[in-house]
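>
2 protein chains.
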Amino acid sequence: MVGPAGYVGAIRAAQLGKKVACVEMERAGGTCLNWGCIPTKSLLKNAEVYQMMQHAEDYGITVKELSFDFAKVVQRSRGVADKMAKGIEFLFKSKKVDYFVGRGTVSKDKKVRVMGLDGKEQVLEAKKVLLATGTTPRRLPGVEVDGVRVMTSREALVVEKQPKSLVILGAGAIGVEFAYFFNAFGTKVTLLEMLPQILPQEDHETADVVAKSFVKSGIEVWTETKMEKTELTTGGVRVTVSGKENKTIEAEALLVAIGVQPQLEGLLDKGLSLELEKGYLKTDATYQTSVPGIYAAGDIIGPPWLAHVASHEAVEAVEGMFVAGKKPHKVTVFPGCTYCHPQIASVGLTEKKAKELGTKFKVGKFPYRASGKAVAAGEVDGFVKVLVGEKHGEILGAHIVGAEATELIAEMSLAITLEATVDEILSTIHAHPTLSEMLMEAVAASQGEAIHI
Amino acid sequence: MVGPAGYVGAIRAAQLGKKVACVEMERAGGTCLNWGCIPTKSLLKNAEVYQMMQHAEDYGITVKELSFDFAKVVQRSRGVADKMAKGIEFLFKSKKVDYFVGRGTVSKDKKVRVMGLDGKEQVLEAKKVLLATGTTPRRLPGVEVDGVRVMTSREALVVEKQPKSLVILGAGAIGVEFAYFFNAFGTKVTLLEMLPQILPQEDHETADVVAKSFVKSGIEVWTETKMEKTELTTGGVRVTVSGKENKTIEAEALLVAIGVQPQLEGLLDKGLSLELEKGYLKTDATYQTSVPGIYAAGDIIGPPWLAHVASHEAVEAVEGMFVAGKKPHKVTVFPGCTYCHPQIASVGLTEKKAKELGTKFKVGKFPYRASGKAVAAGEVDGFVKVLVGEKHGEILGAHIVGAEATELIAEMSLAITLEATVDEILSTIHAHPTLSEMLMEAVAASQGEAIHI
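Heads up: the sequence lines are chains F and X, in that order.
If you're matching positions, the first sequence starts at 1 in my numbering and goes up one per residue.
If you're matching positions, the second sequence starts at 1001 in my numbering and goes up one per residue.
1. Can you find at least 3 beta carbon pairs, one from the stretch 1070-1083 of chain X and one from the stretch 1205-1222 of chain X, that sit closer than 8 Å?
2. With a Cβ-Cβ cutoff of 8 Å, do GLY243(F) and MET1084(X) count as a contact?
3. With GLY402(F) as the anchor, note down where its beta strand (DSSP E) starts and where it stops.
4. What residues from the stretch 1059-1080 of chain X come within 9 Å of chain F, judged by C-beta to C-beta, listed N to C?
5. Which residues does DSSP list as the beta-bridge partners of GLN122(F)?
6. Going by other Cβ atoms of all chains shown within 10 Å of its Cβ, with 16 needed for buried, is GLN1054(X) buried or exposed?
7. Return no unless some Cβ of chain F is closer than 8 Å to the Cβ of PRO1367(X).
8. Sort THR1234(X), THR1031(X), ALA1398(X) and LEU1124(X) by Cα distance to THR1421(X) and report the nearest one.
9. Would you check if the distance between the CB atom of GLU1231(X) and the CB atom of VAL1237(X) is smaller than 8 Å?
10. Using beta carbons (cut-off 8 Å, strictly below), is ILE249(F) in contact with chain X?
11. Taking Cβ positions, are LYS86(F) and GLN15(F) nearer each other than 8 Å?
12. What does DSSP give as the partner residue(s) for LEU1387(X) in the beta ladder?
13. Measuring CB to CB, does LEU1191(X) end up less than 8 Å from PHE1214(X)?
14. Going along chain X in order, which residues have a C-beta closer than 8 Å to the C-beta of GLY87(F)?
15. My output table needs one value for LYS373(F): the three-state DSSP class, helix, strand or coil.
16. By the criterion of Cβ-Cβ separation under 8 Å, what are the contact partners of LYS1128(X) in chain F?
17. By Cβ distance below 7 Å, which residues in the same chain neighbour TYR1059(X) in space, the five residues on each side in sequence not counted?
18. Within 8 Å of any Cβ in chain X, is that where the Cβ of VAL333(F) sits?
19. What is the rounded straight-line gap between the Cα of VAL1401(X) and the Cα of PHE1178(X)?
20. If contact means a Cβ-Cβ distance below 9 Å, which residues of the stretch 1145-1168 of chain X contact chain F?
21. Between which two residues does the beta strand (DSSP E) harbouring ARG962(X) extend?
22. Buried or exposed: SER1267(X), going by 16 or more other Cβ atoms within 10 Å of its Cβ?
23. Where do the ends of the alpha helix (DSSP H) carrying VAL1333(X) lie?
24. Give a yes or no on whether 8 Å exceeds the smallest Cβ distance from GLN1015(X) to chain A.
25. Report the neighbours of GLY378(F) on chain X: residues whose CB is nearer than 7 Å to its CB, in chain order.
26. For PRO1486(X), would you say it is in contact with chain F, using Cβ-to-Cβ distances shorter than 8 Å as the test?
27. For VAL145(F), name the three-state secondary structure that DSSP assigns.
28. How far does the beta strand (DSSP E) with LEU1131(X) in it extend, from its first residue to its last?
29. Scan the stretch 1273-1328 of chain X and note each continuous alpha helix (DSSP H) run of 4 residues or more that stays entirely inside, going in chain order.
30. Quick check on VAL1159(X): does DSSP put it in helix, strand or coil?
31. Find the residues of chain F that neighbour ARG1113(X), judging by a C-beta separation of less than 8 Å, and give them in chain order.
32. Please identify, using Cβ separations under 7 Å, the residues of the stretch 407-422 of chain F that lie next to chain X, in order along the chain.
33. Are the CB atoms of ILE294(F) and GLY348(F) nearer to each other than 8 Å?
34. I'd like the span of the beta strand (DSSP E) that includes ARG78(F), first residue to last.
35. Using a Cβ-Cβ cut-off of 8 Å, state whether SER427(F) counts as contacting chain X.
36. Assuming the contact rule is C-beta atoms closer than 8 Å, CYS1337(X) and ALA1324(X) should be a hit. Round their C-beta distance to whole Å, please.
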């Protein structure tokens, strides 16, 4: 239970002077650090480096006999995850968090029975328990995950042999990142999505830039397409789809990236029953579950299933438990990032959502190709789009597709959190030449005052 | 006169419905776009790509026979500058700014005589004149700039033959960027600085990381070292220095990067005299010079000689002229960036400055090596350092050295401009895994609340 909610909550509680025990079934850092955010970013970096090398001539550089070792690409990713997990274990020691490896089961009286990997059982008692068991990848009913022909993101992270062809089911952040990664190294990728756009949680215009870039780079992108049947074949899988076209696709492997499900199995003792909401633990304004003293944070309390939201919730929950007068804050504003190339990131309202809410807003856009820094770096694809309240000029949403989108979004997260206005963004001097100037220009564009377009 | 102050001021005035003429001696975009910020960023990108390729093995990628064509490296840089200059010329047309290429001379009655490149003379009349002639590189008395053995940044940008060895005099942003660039491509570089640290305007700790990285990569860095004599030799230059050591250095070329001087030659008609301050045009709170109706903005009104400050001043000056009730804002908070590797960027107070001012502050630091994103990207050198007011918890200064420092600084510029506090930064959710999380962690560290260290 020590992913980004669990370990961050534990450390924060230790900082507040509490005696803290952390129980983890597998490895410190949880899915995010071991099987999610971190190792995927390592893979994606390798892909970016490889792609840049293929375009070396653009930079006056000549390379001969460019090749890669897929096993080493995977190995670096595992090394990165291992290093970070060791880092968390080190933090536990230095911050005096007791760390138990085993399966934890919580009882009504807030006792946690830990069945160690070595078969030994221990019972921990606490005044407060924070549940943060997160989620596991959703699986396809009737299709066994064998790690070779059928994978979830977890198996894809340690795939031994690079598949020559791959069908990815689901074009959320995970599906899209793996599509970019495998395609970059030469796998023939088909990306399937039931909804009308890839990255359905993103603004339709920014998602469209990624989709077009994917198609241009050779990925087959099928939206409004439903998987009807998956059969194993001797060489891989045969996937039957319906939608825009009814057809079958043959590939060496299938990556199932259709979302997550709550991980509650074995967590609650027979005598303990917690109220659920759509399968996830229900919490009140203080992150307390239906049983007093038992709290929950992170993916296990439901969407948006994001590591940074989980950490934030855990800090809020723990401060609510132990800091006098603290009123925990429930998350409303949070960025979302997908690290494909081009990157995509957003915070706040999409245009669609703003319309649904009946909010009156103006839109400002600025393209990468008009940024001096982007041109100098040879990264001219993409744009920044901001939504600004018509009446008060407050930033309502920001959507970025292009180089460093996932870093640039931070300024807009701060702006929305602080309810910053157009005037405040424009009175902030942005360094020249940087990509961050585009945010200022997009905000200016919403008022017809952009300089460089 | 159409660098980042001139052309931005012209466009803003046109947006406000004014009839605007812009006079430029050379090329739209001025020094920044043609001979400064933009073409250097192109060169530096090539250097980064080349260096990354030398470390391809780290990413499981093998290349045989890596080589580069220096002429193509320079050519790309010129292409980028040309593209951006054309962009400005296009903007002038679309925004209806009349563009005159020639030398402009301003008279007391606000007439501007333009001596065209074709020898034709025209006289423009205006109610308001904005002077934005900027600066030129300072030269060494008695040492002629021949573009081969002795260069300023301007000549270095178009050097035909890569020098095998180079002495750079002055370790400000320009000297440091060229040191990184030439060294990356194999030139033997010696970097000389009179003051005790390179990048003297930066925090001593962040500058020190750059200095150590430079030394490790083979650059000879000599601080507290004064150039005593420069002689031309048949093969290049001989530079005699004093300081930590008295010695002579032989090299193929010398790059003089000792700052800038105001560019006022031929600008003012005999009958017009404007008040100066340390050689720069003196302006009042509305950017007006000592003669009513004649305004000035950008480098020509004195330090900090930064393109983004120049643009901001020009917008403020123009809005002050034409927007009823607008009170122009004089620049106090601005970021500074140097695009070497590792990058360095800052905004607000340095530790030294805060102490001088007697401000009580706390310091928070966070290292790149503790960031999951940095480890995944293989960019573990550097750190973030923030200064926070002890009493009110407001962000006073931020100093970043490491990957993407120049983009990450934007969030802190907004924070300081909005007088954001520790609580506000910590209540802003930063996407995981991103480098921007380090800012949040450094701010938390200032209160003893960082999670990952």
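Think of the CB as a built atom: it goes at the ideal place given N, C-alpha and C, for glycine as much as any other residue.
Here's the rundown:
1. With contact defined as three or more Cβ pairs closer than 8 Å, the stretch 1070-1083 of chain X and the stretch 1205-1222 of chain X are not in contact.
2. Locating residue 243(F) in the first sequence gives position 243, where the first residue counts as 1. Locating residue 1084(X) in the second sequence gives position 84, where the first residue counts as 1. Result no, Cβ atoms of GLY243(F) and MET1084(X) do not sit closer than 8 Å.
3. By one-based count along the first sequence, residue 402(F) stands at place 402. Start and end: 395-402.
4. Listed by position along the chain: TYR1059, GLY1060, ILE1061, THR1062, VAL1063, LYS1064, GLU1065, LEU1066, SER1067, PHE1068, ASP1069, PHE1070, ALA1071, LYS1072, VAL1073, VAL1074, GLN1075, ARG1076, SER1077 and VAL1080.
5. Mapped onto the first sequence, residue 122(F) falls at position 122. BP columns for GLN122(F) point to VAL114(F).
6. Within the second sequence, residue 1054(X) is the residue found at index 54, counting from 1. Classification for GLN1054(X): exposed.
7. As a first step, residue 1367(X) is located in the second sequence; it is residue number 367 there, counting from the start. No, no contact with chain F.
8. As a working mapping, residue 1421(X) is identified with position 421 in the second sequence. Ranking THR1234(X), THR1031(X), ALA1398(X) and LEU1124(X) by Cα distance to THR1421(X) puts ALA1398(X) first.
9. Translated into positions along the second sequence, residue 1231(X) becomes position 231. Translated into positions along the second sequence, residue 1237(X) becomes position 237. Between GLU1231(X) and VAL1237(X), the C-beta spacing is below 8 Å.
10. For the purposes of this step, residue 249(F) is taken as residue 249 along the first sequence, with counting starting at 1. No, its Cβ sits nowhere closer than 8 Å to a Cβ of chain X.
11. Position 86 of the first sequence, counted from the start, is the residue given in the question as residue 86(F). Position 15 of the first sequence, counted from the start, is the residue given in the question as residue 15(F). No, the pair does not count as a contact, with Cβ atoms beyond the cut-off.
12. On the second sequence, residue 1387(X) is found 387 positions in, with the first residue counted as 1. Answer is VAL1363(X) and GLY1397(X), bridged to LEU1387(X).
13. The sequence position of residue 1191(X) within the second sequence is 191, counting from 1. The sequence position of residue 1214(X) within the second sequence is 214, counting from 1. Cβ atoms of LEU1191(X) and PHE1214(X): closer than 8 Å.
14. Start at 1 with the first residue of the first sequence, and residue 87(F) comes out as number 87. Correct list: ALA1370 and HIS1452.
15. Translated into positions along the first sequence, residue 373(F) becomes position 373. Looking at LYS373(F) - three-state DSSP - the assignment turns out to be helix.
16. By one-based count along the second sequence, residue 1128(X) stands at place 128. Neighbourhood of LYS1128(X) in chain F, by CB distance below 8 Å: empty, with the nearest CB roughly 19 Å away.
17. Taking the second sequence and counting its residues from 1, the one referred to as residue 1059(X) is at position 59. Result list for TYR1059(X): empty, nothing under 7 Å.
18. In the first sequence, counting from the first residue as 1, residue 333(F) sits at position 333. At least one beta carbon of chain X lies nearer than 8 Å to the beta carbon of VAL333(F).
19. In the second sequence, counting from the first residue as 1, residue 1401(X) sits at position 401. In the second sequence, counting from the first residue as 1, residue 1178(X) sits at position 178. Distance between the alpha carbons of VAL1401(X) and PHE1178(X) is about 18 Å.
20. Using a CB distance below 9 Å, no part of the stretch 1145-1168 of chain X faces chain F.
21. With chain X running from 1001 to 1453 in the structure shown, residue 962(X) is simply not present.
22. Within the second sequence, residue 1267(X) is the residue found at index 267, counting from 1. The question names Ser, but residue 1267(X) is Leu in the sequence shown. Flag for LEU1267(X) reads buried.
23. As a first step, residue 1333(X) must be located in the second sequence, where it is residue number 333. First-last for VAL1333(X): undefined, no H or E at that position.
24. Structure shown: chain A not included; protein chains present are F and X.
25. Your numbering for residue 378(F) matches position 378 in the first sequence. Within chain X, the residues near GLY378(F) are LYS1045.
26. In the structure as shown, chain X starts at 1001 and stops at 1453, and residue 1486(X) therefore has no counterpart that could be examined.
27. Position 145 of the first sequence, counted from the first residue, corresponds to residue 145(F). Three-state result, VAL145(F): coil.
28. Position 131 of the second sequence, counted from the start, is the residue given in the question as residue 1131(X). First-last of the beta strand (DSSP E) with LEU1131(X): 1129-1131.
29. Qualifying alpha helix (DSSP H) stretches, in chain order: 1307-1322.
30. Indexing the second sequence from 1 puts residue 1159(X) at position 159. Annotated three-state conformation of VAL1159(X) is coil, per DSSP.
31. Here residue 1113(X) refers to the residue found at position 113 of the second sequence. Result: empty, since nearest Cβ-Cβ is about 28 Å, beyond 8 Å.
32. Listed by position along the chain: GLU407, LEU408, ILE409, ALA410, GLU411, SER413, LEU414, ALA415, THR417, LEU418 and ALA420.
33. The residue labelled residue 294(F) in the question sits at position 294 within the first sequence. The residue labelled residue 348(F) in the question sits at position 348 within the first sequence. Taking the C-beta atoms as reference points, GLY348(F) is found no nearer than 8 Å to ILE294(F).
34. Locating residue 78(F) in the first sequence gives position 78, counting from the first residue. Per DSSP, ARG78(F) lies in no beta strand (DSSP E); the unbroken alpha helix (DSSP H) holding it starts and ends at 70-94.
35. Numbered from 1 along the first sequence, position 427 holds the residue referred to as residue 427(F). Interface residue, yes.
36. If you number the second sequence from 1, residue 1337(X) lands on position 337. If you number the second sequence from 1, residue 1324(X) lands on position 324. 35 Å between Cβ atoms; not a contact.
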